[in-house]
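Encoded as structure tokens, the structure appears first; notes follow it.
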Amino acid sequence: MSDNNVLLRVDNLVKHFPIMRGIFQKQVGAVRAVDGVSFEVKRGETLGLVGESGCGKSTTGRAILQLYRPTSGSVNFDGVDLVKLKGEELRKMRRKMQMIFQDPYASLNPRMSVGEIIREPLIVHNVATEADAEERVKQLLELVRLNPAFASRYPHEFSGGQRQRVGIARALALQPSFIVCDEPISALDVSIQAQVVNLLQELQDQFNLTYLFIAHDLSMVRHISDRVAVMYLGVVVELTTRNELYNNPLHPYTQALLSAVPIPDPVAETTRKRTILVGDVPSPVNPPSGCRFRTRCPIAESICAESRPEFREIKPGHFVACFFAERFL
Amino acid sequence: MSELLLDVQGLETSFKTAEGTVHAVNGVSFGVKEGETLGVVGESGCGKSVTMLSILGLVPNPPGKINAGSAKFFDQDLLKMSRDEIRAIRGAQIGMVFQDPMTSLNPVLTVGRQLTEPLILHLGMTKKQAEERAAELLEMVGIPNGKDRLSDFPHQFSGGMRQRVMIAMALSCSPQLLIADEPTTALDVTIQAQIMDLVKRLRNELGMAIIWITHDLGVVAGLAQRVIVMYGGHIIEEAQVNELFANPSHPYTIGLIGSLPRVDQGESKKLYSIEGLPPMLFEKPRHCPFAPRCKWVMERCWNENPVLELVAPEHRVACWVDVKKERPR
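One line per chain: the protein sequences are P and C, in this order.
Per this note's numbering, residue 1 is the first one in the first sequence, and the count goes up by one each step.
Per this note's numbering, residue 1001 is the first one in the second sequence, and the count goes up by one each step.
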């Protein structure tokens, strides 16, 4: 499948973190954070990646950008397999793909001024002279609706929402085509979240950006995404267009997840039906055999323990990994 | 109106910091009826947690100071009590659950030891009686094999299970009032749904009043009967839950409800966003605390801080503008 509209194709991506013990640092096991994930991101679209903490969504984002080198699998970005690249070649590709981090307090160097933070990628990648960089920093600050005069200030002088704007300006500095947004609004207050989300959408329209939007807030993901992938314990269990996923979820986990999200409307809250899952997410060190979700699944049968359900296209553009998905069609 | 269980009047709390005095709570008055669930909503720094900590005598002095107000609980003023007097009430007649179950549980004591402590202290049980009761409490909050788990340490429980332990502890002495400060914020949505389900069940079985502090309007919609909205250390709106969501009347409440995308609605229109930042509270505001961010701001808003006034039955708003009619009240 070589579609020119596809910017990023992730194939069977695996990232295991080894667990070492003893003085000889023998590997005794592995945290199977991402265990065979495949999806495509089309040019100019926003793919939402949702799941609960520990499901591997952030690891997936970092493995795509080669911030973690994948254990196996391929990441095809604009026709180039990033996994095979290293050194200078990889560095060149990094210009095209950037990241916005969750915690605007931890992702900005407190000893650098905001201007230096935004300028750094320009200097590192040698794309601007000092004087040009100065000008570019001003443009970028204006772009994210910060006063250009703030370039000489330090991160601690800004609020969380403003810092996140600085992080966005830094990500935009190299004019990337693809940005991984790793929970960019989770640390912000409700009234500030809307400001940042609106900004991200405006920038997307302006620069034809492609986003991988990682989040656990399903309402916000519904708002911002074109298509949504749901992850559970290192695998994608369902992927389809936004409205299809929210209106016709076919995987029992997606159904439970959607029904658990509180709706800010007391009338809707009293009338809706909830599926409450029992128990907790199992450990990714020793995940269940077969279907990862079977230990909490309300419709699990013996086959679910025996083999892993194939991630299949059950109707056009709607992928699901469940043996019994037809029941919900 | 039925008898008020807790009646708070004119509470003012401030903190001395290196940068000046922070006026965290500026004249807050509210009541809770027996068996009622009151939701307290607001963003970080709005004073919702400090209000509750003040009532419970848990504001450290210095730097904190309660400057004015009263908090009547069964005809006794909690704010005038000695340390020992309030300690006899806290944990016995008023139970508490906090946001982070890992930091509120002592990591070096077994869960059994921590659960039996209030039973022995407040109810004068013997160790054996207390252990039996503690095992019952664990079963009541949905932790199977309660008896065996008493000897476990907090780290042997998952996040959701720890919050269940906290709830068991808060309810151990059958309190008339449960104060829960963002108890589900640190949890994943499916676990949050479990905990909310549990709280609703226990509320029906035990009939205690609940003050549920949260920034999540969705949680409030599903749980509370009455809601107060806080901003800048003030209560700015108060109403029955259906009324508040159907007719939000303060510009801040309107903005907050409007800025939330909903998981059950697909239209991706631009989110309503409240521009600007929450106030810093280094000065006691003489004007409306929301004035700098308000779309409907008038001259009077800068000169006088509005007080709560009845706009509909049981619906009070602190705003000089009748937003619906777009004219002064």
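For every residue, glycine included, the Cβ atom is placed at its ideal position computed from N, Cα and C.
Keep in mind that this is a model prediction, so the values were computed, not measured.
Beta-bridge pairing of residue i - partner residues as DSSP gives them
i	result
glycine 1039 of chain C	C:Trp1212 and C:Val1227
cysteine 181 of chain P	P:Ile100 and P:Phe213
serine 1330 of chain C	Only positions 1001 to 1329 of chain C appear in the structure, and residue 1330 of chain C is not among them; the question remains open.
leucine 13 of chain P	P:Val37
aspartate 1077 of chain C	C:Lys1072
phenylalanine 1336 of chain C	The structure shown does not extend to residue 1336 of chain C, since chain C is modelled only from 1001 to 1329, so the question has no answer here.
glutamate 76 of chain P	Note on residue identity: the sequence assigns asparagine, not glutamate, to residue 76 of chain P. DSSP, once it has assigned bridges, lists P:Arg9 and P:Asp81 as partnering asparagine 76 of chain P.
aspartate 1322 of chain C	C:Arg1327
lysine 1025 of chain C	Position check: residue 1025 of chain C holds valine in this sequence, whereas lysine was assumed. Paired residues: C:Thr1013.
methionine 1096 of chain C	C:Ile1179
isoleucine 1235 of chain C	C:Met1230
isoleucine 19 of chain P	P:Gly29
alanine 1312 of chain C	C:His1315
methionine 231 of chain P	P:Val236
phenylalanine 319 of chain P	P:Leu239 and P:Glu313
arginine 1090 of chain C	C:Ile1094
lysine 42 of chain P	P:Val6
valine 50 of chain P	P:Ala215 and P:Val230
Interface residues of chain C facing residue i [CB-CB closer than 8 Å]
i	result
aspartate 189 of chain P	Glu1043, Ser1044, His1215 and Pro1278
aspartate 182 of chain P	Here the premise fails: no neighbours, minimum Cβ distance about 17 Å.
aspartate 35 of chain P	Chain C residues near aspartate 35 of chain P: none, gap ~19 Å exceeds 8 Å.
Neighbouring residues, chain C, relative to residue i (Cβ below 7 Å)
i	result
serine 53 of chain P	Asp1188
glutamate 269 of chain P	Ala1221 and Gly1222
Within 8 Å, strictly: CB atoms of residue i and residue j
i	j	result
arginine 222 of chain P	leucine 239 of chain P	no
valine 261 of chain P	leucine 233 of chain P	no
phenylalanine 311 of chain P	phenylalanine 319 of chain P	yes
valine 1263 of chain C	leucine 1244 of chain C	no
alanine 30 of chain P	threonine 59 of chain P	no
glycine 51 of chain P	serine 225 of chain P	no
leucine 172 of chain P	leucine 140 of chain P	yes
serine 1014 of chain C	lysine 1065 of chain C	yes
glycine 167 of chain P	isoleucine 64 of chain P	no
alanine 1180 of chain C	isoleucine 1213 of chain C	yes
valine 1241 of chain C	valine 1220 of chain C	yes
leucine 1005 of chain C	serine 1054 of chain C	no
aspartate 1007 of chain C	glycine 1031 of chain C	yes
glycine 1039 of chain C	alanine 1224 of chain C	yes
leucine 108 of chain P	proline 155 of chain P	yes
proline 1118 of chain C	serine 1172 of chain C	yes
leucine 7 of chain P	phenylalanine 178 of chain P	yes
methionine 1125 of chain C	alanine 1168 of chain C	no
arginine 165 of chain P	leucine 146 of chain P	yes
threonine 71 of chain P	glutamine 204 of chain P	no
serine 1249 of chain C	valine 1311 of chain C	yes
glutamine 1194 of chain C	isoleucine 19 of chain P	no
glycine 1112 of chain C	serine 1158 of chain C	no
glutamine 102 of chain P	proline 176 of chain P	no
Under 8 Å from the C-beta of residue i: neighbouring residues of chain P
i	result
glutamine 1076 of chain C	Per Cβ cutoff of 8 Å: no residues; glutamine 1076 of chain C is ~33 Å from chain P at best.
asparagine 1242 of chain C	Pro266 and Val267
aspartate 1197 of chain C	Arg274 and Ile276
Contacts that residue i makes with chain P (C-beta to C-beta distance below 7 Å)
i	result
glutamine 1099 of chain C	By Cβ distance, chain P contributes nothing, its closest Cβ being about 15 Å from glutamine 1099 of chain C, past 7 Å.
aspartate 1264 of chain C	Ile263 and Ala268
serine 1158 of chain C	Asp280
glutamine 1274 of chain C	The question names glutamine, but residue 1274 of chain C is isoleucine in the sequence shown. Simply Ser191.
Closer than 9 Å at the beta carbon, the chain P residues around residue i
i	result
leucine 1281 of chain C	Residues of chain P passing the Cβ test: none, with the nearest at roughly 14 Å.
serine 1049 of chain C	Within chain P, no residue comes near serine 1049 of chain C; the closest Cβ sits about 14 Å away, beyond 9 Å.
phenylalanine 1245 of chain C	Pro264, Asp265, Pro266 and Val267
glycine 1218 of chain C	Ser219, Val261, Pro262, Ile263, Pro264, Asp265 and Glu269
alanine 1193 of chain C	Ala256, Ser259, Ala260, Val261, Pro262, Arg274, Thr275, Ile276 and Leu277
Which residues, in chain order, does the segment 237-261 of chain P contribute to contact with chain C at a C-beta distance below 8 Å? Arg242, Asn243, Tyr246, Asn247, Ala256, Leu257, Leu258, Ser259, Ala260 and Val261
By the 8 Å beta-carbon criterion, what residues does the segment 130-161 of chain P contribute toward chain C? Ser159 and Gly161
For the segment 112-159 of chain P, which segments carrying the alpha helix (DSSP H) assignment without a break, of at least 4 residues, lie completely within its bounds, in sequence order? 114-124 and 130-143
According to a CB-to-CB cut-off of less than 7 Å, which residues of the segment 1249-1262 of chain C neighbour chain P? Look at the segment 1249-1262 of chain C: the residues with a C-beta under 7 Å from a C-beta of chain P are Gly1255, Leu1256, Ile1257, Ser1259, Leu1260, Pro1261 and Arg1262.
Within the segment 1256-1304 of chain C, note down every full alpha helix (DSSP H) run reaching 4 residues or more, in order along the chain. 1299-1303
In chain order, which alpha helix (DSSP H) runs of at least 4 residues are fully inside the segment 1129-1187 of chain C? Whole alpha helix (DSSP H) segments, 4+ residues: 1146-1149 and 1159-1170.
Can you give me, in chain order, the residues of the segment 193-221 of chain P that have a beta carbon less than 8 Å from any beta carbon in chain C? Gln193, Ala194, Gln195, Val197, Asn198, Gln201, His216, Leu218, Ser219 and Met220
Contact residues within the segment 100-112 of chain P, judged by C-beta distance below 8 Å to chain C: Within the segment 100-112 of chain P, no residue has a Cβ lying closer than 8 Å to any Cβ of chain C.
Where are the alpha helix (DSSP H) runs, 4 residues long or more, that stay fully inside the segment 226-304 of chain P, in chain order? 242-247, 252-260 and 266-271
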